[in-house]
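Student: Please find one structure pasted underneath; my questions will follow.
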């Protein structure tokens, strides 16, 4: 599962855009010390990112919360490899979406300053939309049920996010314009 996490970057490319994700990758990746600074900077701005390792997936969220109350300090670390490899996608996605939002003239206040809080919220939402989230507010209705529904919706979040991206991109496409249809085909290739 950990080895598959970086492939989620394709969802981010569809959601945020290839140029912005490239900027996010350049912003985030570097030496380990640089990446640690970038994690701290992003977490200082985003409560969502501060909690992301615990809430990235409903199933991991449930298990980690149970283990935190359990017998050992070691048990919650069982998912650390998955969480860390997911972070390798989450932070570039967040930085790319944040830069995109900061460049959006619609986020400028009347005095010309940029509303950074809105940019942070848009970056958080981009990670949620592209990578899914295990927080109750981000779950599909079918995932919010009891143990029986949870049995049939294991790891549903990622697939729900992917489907939603495909539906959104399809709805945004003008099928009378060949270049838009080709872009949609490329998005489908990235998503599916």
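Residue numbers (my numbering): 638 to 829. Think of the CB as a built atom: it goes at the ideal place given N, C-alpha and C, for glycine as much as any other residue.
#1: For residue 650 versus residue 827, is the C-beta spacing smaller than 8 angstroms?
#2: Quick one, are the C-beta atoms of residue 645 and residue 729 less than 8 angstroms apart?
#3: May I ask which residues mark the beginning and end of the alpha helix (DSSP H) holding residue 736?
#4: If we ignore side chains and look at the alpha-carbon of each, how far apart do residue 687 and residue 807 end up?
#5: Report the residue from 791, 813 and 640 whose alpha carbon sits nearest the alpha carbon of residue 721.
#6: Relative to the C-alpha of residue 717, which candidate in 741, 659, 743 and 690 has its C-alpha closest?
#7: Cα-Cα, which of 763, 825 and 719 is closest to residue 732?
#8: Across the segment 757-777 and the segment 731-747, are there enough close Cβ pairs to call them in contact, namely three or more that are closer than 8 angstroms?
#9: With a 10 Å radius around its C-beta and 16 neighbouring C-beta atoms as the bar for buried, classify residue 737 as buried or exposed.
#10: Applying the 10 Å Cβ sphere with the 16-neighbour rule, what's the burial state of residue 778?
#11: When DSSP builds the beta bridges, which residues end up paired with residue 579?
#12: By a C-beta neighbour count over all protein chains shown, 10 Å radius and 16 as the cutoff for buried, is residue 781 buried or exposed?
#13: Starting from residue 807, follow the alpha helix (DSSP H) in both directions and report where the run begins and ends.
#14: Is the segment 784-797 in contact with the segment 765-772, if contact means three or more CB pairs nearer than 8 angstroms?
#15: Considering just the uninterrupted stretch of the alpha helix (DSSP H) at residue 665, what are its terminal residues?
Tutor: Let me lay it out:
#1: yes
#2: no
#3: 717-739
#4: A straight-line Cα-Cα distance of about 33 angstroms links residue 687 and residue 807.
#5: 640
#6: 690
#7: Sorting 763, 825 and 719 by C-alpha distance to the C-alpha of residue 732 places 763 at the top.
#8: yes
#9: buried
#10: Taking all protein chains shown into account, residue 778 has fewer than 16 neighbouring C-beta atoms within 10 Å of its C-beta and is therefore exposed.
#11: In the structure displayed, the chain extends from 638 to 829; residue 579 sits before or after that span and is not available.
#12: exposed
#13: It spans 793-809 - the alpha helix (DSSP H) in which residue 807 sits, taken as one unbroken run.
#14: Three or more beta-carbon pairs separated by less than 8 angstroms link the segment 784-797 to the segment 765-772, which places the two stretches in contact.
#15: For residue 665, the enclosing alpha helix (DSSP H) stretches over residues 655-665.
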